[in-house]
Each structure stands twice: as C-alpha cells, then as structure tokens.
Amino acid sequence: MTAVFPVILGLRHDGGMASISDHPGEQAAQDPIKLLAIRETALSLDEVFRAVGDDAAGGTALFVGTVRNHDGGADVDELGYSCHPSAEAEMRRIAEKVVAEYPVRALAAVHRVGELRVGDLAVAVAVSCPHRGEAFEACRKLIDDLKHEVPIWKHQKFSDGTNEWVGA
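The sequence shown begins at 37 in this note's numbering and counts up one residue at a time.
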C-alpha cells in the first residue's frame, strides 16, 4: 500500500510559494500550532518555550509582554484584560496566517485576561523556525497582529484614580 501525503503550500514572507520541499524534515501531517490560549491564570514561560521545542528548528524567538508601571505619563497601579468570545478563534486565524507566510516549525501564543498587577505577564508568544532571522520575523508578525486584530481590551487604572479603556 502506498502512503499519500498532502502537499502543503503557502505564501512565504518573500512573496514566493512555500512547500514541504522548501523545509526539509517537515512532516505534512504535523500542525505547527502547538499552543493557543486565553487564560485567567498566571502564564508560564516554561510551558510556552517547551511548546515550541523542535529538533529541526535552528532558531526560537520568544516575546513576553508585561504590565508596566506607566502609560502616557501616568502611573499605572493595575489593569484588567477582557476579551470577546471570538478572541481564541481570531488568535488561531492569525497563527495560521503566520504559519503560511513563514517556515514555522512550532508556534505558541497565550494571553492573560482578568486583573493584573504591575510586573505580571500579560502575553507570551514564541515561534521556532529553521533559522533565527525567520523566527524573529515570524514572532514579531505574530505579536503585532495579535495586538492589533484580536478583540482583547485593556482597562488601565491609574494611581490618580482615573482609568482608561485601550483597544475598546
């Protein structure tokens, strides 16, 4: 019996068409999207980093977003994140777009919702690719698109008693 494997095609970041033959060792049946989640609990960088481990990857890029103590000249005490029910589906759509555009071996993205304090981890994304340059580019594309397109809103509470919604 002859095994039939699908050929996966996608648009590379340089505009050309990507296929399995462009990335030796890649298995067509394996989904490179390893972890996507929105959570009310603390994020684990170890979990995100482990999720993108891949022996064929020569580079892994990790971005971690934390709650900073200021914004626009005002002191931030805490903030809350909330999201639309479609947020995880939008995260998947963006992850699939990044996977189609770059030679991603493994990808992970986790965003926190709920009340956070200064210094807490708000988001962690990681991408593993055959080479470091591709990993950096894919990771930047992933976090930039998540920030601009996923319906997650930030409610900042300032030390002077004022507050502000961002992204709503």
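Glycine is no exception: its CB is placed at the ideal position from the N, C-alpha and C atoms.
query, result
"Excluding the 5 residues flanking G94 on each side, which residues of the same chain have their C-beta closer than 6 Å to its C-beta?", "P166, H167"
"With DSSP collapsed to three states, give me the class of E76.", "coil"
"With DSSP as the reference, label D181 as helix, strand or coil.", "helix"
"Label A158 either buried or exposed according to how many other C-beta atoms from any shown protein chain fall within 10 Å of its C-beta, with 16 as the threshold for buried.", "buried"
"Nearest by alpha-carbon distance to N105: which of Q192, A131, H120, G197 is it?", "Q192"
"Tell me, which residues are paired with S118 by DSSP?", "W189"
"Following the continuous beta strand (DSSP E) through E148, name the residue where it begins and the one where it ends.", "Residue 148 is actually Arg in this sequence, not Glu. Unbroken beta strand (DSSP E) run through R148: 142-148."
"Give me, in chain order, the residues of the same chain whose beta-carbon lies closer than 8 Å to that of V154; leave out the 5 immediate sequence neighbours on both sides.", "V103, R104, N105, V112, D113, E114"
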